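Residue numbers (the working numbering): 39 to 156. Data block below; observations after.
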């Protein structure tokens with residue numbers, strides 16, 4: 039059974055940094071694009087960053103220059119990272135990883151909470 043496990047969230051002050059991690063087992067994931075999504079309170083989940091198997095990246099305009107997505111394709115496990123710098127209160131959300139540009143509905147994980155507040 040495929041499982042996505044996100045970690046690294048927390049409470050940080052505006053301007054601070056966090057690094058999120060997501061591990062998923064299964065060799066197929068090394069061949070597909072992966073993404074980080076977020077769901078803010080009262081809003082729909084949105085894709086904020088994605089990375090192809092060839093490490094090409096794409097970002098939502100609101101996070102360009104502040105968030106960086108990377109990936110590590112091991113033999114049977116893919117780990118996707120999201121380095122978050124210069125965080126703003128509007129970045130507060132639960133962050134999830136999944137395939138991109140659309141997540142596979144059956145494998146959404148619990149997500150990791152990021153709260154940006156002074």
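A virtual CB, placed ideally from N, CA and C, is assigned to each residue, including glycine. As the structure is a computational prediction, the values presented were derived from the model and not from experiment.
- Contact between the segment 126-138 and the segment 64-80 is present: 3 or more CB-CB pairs across the two stretches fall below 8 Å.
- DSSP places residue 104 in the coil class of the three-state scheme, outside both helix and strand.
- Straight through space, the alpha carbons of residue 119 and residue 126 are spaced by roughly 19 Å.
- Per DSSP, reduced to three states, the secondary structure at residue 69 is helical.
- Residue pairing for residue 42: DSSP places it in a beta bridge opposite 62.
- Shortest Cα-Cα distance from residue 56 to any of 149, 124 and 143 involves 124.
- The C-beta distance from residue 84 to residue 148 rounds to 18 Å, too long to meet the 8 Å contact threshold.
- Linking residue 152 to residue 54 through their CA atoms gives a straight-line distance of about 11 Å.
- Annotated three-state conformation of residue 142 is coil, per DSSP.
- Under the three-state reduction of DSSP, residue 113 is assigned to coil, being neither helix nor strand.
- Spanning the alpha carbons of residue 51 and residue 130 requires a straight line of approximately 11 Å.
- Beta-bridge analysis with DSSP links residue 154 to 50.
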